[in-house]
Amino acid sequence: MDLLTVLLEVSLSVGLAGLGAGVAAIAAGLGIGKIGAAALESIARQPEATGDIRASMIVAAALVEGVALFAVIVCLLVVLG
Amino acid sequence: MRNVYENEHGNSKIWELCDFKKIFAQMKKGFILFLAVFALLSSSVSAASSEDGKFNAGEMIMHHIADAHEIHLIGDLAIYLPVIVKTDNGWDVFSSSHLYHNPQTAETPSGDKVSYYQYGDYIMFHEHLYMAGDGIELNDEGEVMNQAVAIDLSITKTVAGMFLTILIMILIFTSVAKGYKKRGVAAPKGLQSFMEPLILFVRDEVARPSIGKHADRFVPFLLSVFFFIWISNILGLIPFLGGLNITGTLSVTMVLAAIVFIVTSINGNKHYWGHILWPPGVPFFVKLILVPIEFAGIFIKPLVLMVRLTANITAGHIIILAFVALIFIFGEQSASAGYGIGIGSTLFMIFMNFIELLVAFLQAYVFTLLSALYFGAAVEEAH
């Protein structure tokens, strides 16, 4: 009974915003994981290009992370107002 | 001629003259002493509390992210910044200490208590300034219905932070420029040798590959924006500097993105606008779909620049603050739980701070790179 009342105390919009933030985290993990995997495979194929590949990986990761953080900002706005 | 500080190879003798073992031993002792004093003092620092006295993590985090009219350093120590407002009665300038030393409480019609500050004709509610009139008026949701001041040009924490960034940039770059003027094409020394790789990196790896022939026209702006964002991000990570959040404010990044938008649009040549409004080499009905998308893209690209920078920096600050808030949340249950979680939380917080240092540089680089790419697209010749 207590758990049910606790669950009902949080409004629907705030709960869904929390879920949205979780989905954003999944998306960021998937995206950056794929980038990292591709980078590791390329480094294994051609170790002398490690520097260039590492730089490109970090830039692409920053761009993908930016998109995930848009979603976080939107969820934060839902929670706050 | 060799001076007393150089050995026979012309290198510095500092490695032979200083006793580094003793210096490190003293540093370790001093660091442990500092930790002990800090732990003692921090027990007297008060945490944020909502009206009923419980620790409200969300409120504390939002308070540290948002702007304020004071720079709160530690405990009761704060730097009170000037409040500059224009009302119907003209300009008014006073120190915000008058406001912060005058807290009041009021009740909304639904019975919740809110706290605000009042001084003279002004009410400050959640860092916004309103005309006092006959006193604070609250509606049912707890929002202030008083008239807001006409123009609020106060020096807030973010503005003071920007002045600090500007001061740091002026100090660094005037000294570097003086060094180049004095030394000409000889090898750089001192601060010059630290800044030269960074400046050349922005010019040779960011500007010239992206823009091509006309790169040197845009390099001053790209350098300014790169160092402004980097230094502002770093200032936000320094603890006890008041928790500045310069680039995490939408207003600051909006101005940066607006400048990029204006420069791109002004420098756009015929091919740039032609590609947007009437893309060549595309079937007609695809053009009809593409033109609105490209036109929206003119505005969306700077908008995305703005949100990317703000979101990354704010998210980093929120994560660090959340780890700190975790300590207080557990501390409310029991003091020993607070201490226990404090160790792990502090380690995670230090780790996140290092990640945020990387993010500080990376976001400055990404902003500069994308600005350079937009400029390059604007001045691109036909091929």
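Protein sequences appear in the order of chains A and B. Going by my numbering, the first sequence wraps up at 81, each residue one higher than the last. Going by my numbering, the second sequence wraps up at 1383, each residue one higher than the last. Think of the CB as a built atom: it goes at the ideal place given N, C-alpha and C, for glycine as much as any other residue.
The Cβ atoms of valine 1263/B and phenylalanine 1375/B sit closer than 8 angstroms to each other.
The DSSP assignment places 1097–1100 as complete runs of the alpha helix (DSSP H) inside the segment 1077–1101 of chain B, in order along the chain (cut-off: 4 residues). Chain order gives the chain B residues near leucine 63/A as Arg1308, Val1366 and Leu1370, where near means a beta carbon separation below 9 angstroms. For asparagine 1312/B, at least one C-beta of chain A is nearer than 8 angstroms to its own C-beta. For glutamine 1363/B, the nearest CB of chain A lies under 8 angstroms from its own CB, placing it at the interface with that chain. For tryptophan 1230/B, the number of other beta carbons within 10 angstroms of its own is at least 16, and it is reported as buried.
In the assembly as shown, proline 1302/B is a buried residue. Its beta-carbon has 16 or more other beta-carbons within 10 Å.
DSSP places valine 1114/B in the strand class (E or B) of the three-state scheme. Following the DSSP letters along the chain, one finds alanine 1150/B in no alpha helix (DSSP H), marked with neither H nor E. Closest by C-alpha distance to asparagine 1102/B, out of Ile1084/B, Thr1108/B, Asp1121/B and Met1062/B, is Asp1121/B. Per DSSP, reduced to three states, the secondary structure at tyrosine 1180/B is helical.
Contacts with chain A (Cβ-Cβ distance below 8 angstroms) from the segment 1182–1211 of chain B involve no residue at all. Distances from the alpha-carbon of threonine 1156/B to those of Asp1076/B, Leu1081/B and Ile1246/B put Leu1081/B closest.
With distances taken between CA atoms, aspartate 1092/B lies nearest to Val1149/B out of Gly1242/B, Val1149/B and Gly1268/B.
Sequence-ordered contacts of the segment 1313–1326 of chain B with chain A read Thr1314, Ala1315 and Ile1318 [C-beta pairs closer than 9 angstroms].
In the DSSP secondary-structure assignment, isoleucine 1071/B is bridged to Ile1079/B. The residue from Leu77/A, Met57/A, Gln46/A and Gly18/A with its alpha-carbon nearest to that of glycine 33/A is Met57/A. CA-CA distance, lysine 1178/B to alanine 1337/B, rounds to 56 angstroms. For methionine 1131/B, the pairing in a beta bridge is given by DSSP as Tyr1122/B. Spatial neighbours of tyrosine 1116/B in its own chain (CB-CB distance under 7 angstroms, excluding positions within 5 residues in sequence) are listed in chain order as Gln1104, Ala1106, Ile1123, Met1124, Phe1125 and Ile1136. Of the residues Leu1256/B, Pro1197/B and Ile1234/B, the one whose Cα lies closest to the Cα of phenylalanine 1221/B is Leu1256/B. In terms of beta-carbon proximity, glycine 66/A lines the interface with chain B, with at least one pair separated by less than 8 angstroms. In the three-state DSSP reduction, proline 1292/B falls in the helix class (H, G or I). By the C-beta criterion, the segment 1338–1358 of chain B is judged not to be in contact with the segment 1174–1189 of chain B, since fewer than 3 inter-stretch pairs fall below 8 angstroms. Here threonine 1368/B has Val1202, Val1206, Leu1222, Val1225 and Phe1226 as same chain residues with Cβ atoms under 7 angstroms from its own Cβ, once five neighbours each way along the sequence are excluded. For the segment 8–38 of chain A, not one full-length alpha helix (DSSP H) segment reaches 4 residues or more.
Here alanine 1215/B has Ala1207 and Arg1208 as same chain residues with Cβ atoms under 6 angstroms from its own Cβ, once five neighbours each way along the sequence are excluded. Aspartate 1067/B and glutamate 1127/B do touch by the CB rule: their CB atoms are close to 6 angstroms apart, below 8 angstroms.
Judged by pairs of C-beta atoms under 8 angstroms, the segment 1283–1297 of chain B does not touch the segment 31–48 of chain A, as fewer than three such pairs exist. Assignment of phenylalanine 1163/B by DSSP, reduced to helix, strand and coil, places it in the helix class. The Cβ atoms of aspartate 1152/B and valine 1252/B do not sit closer than 8 angstroms to each other. Remark: C-beta atoms of alanine 1325/B and alanine 1057/B approach each other more closely than 8 angstroms.
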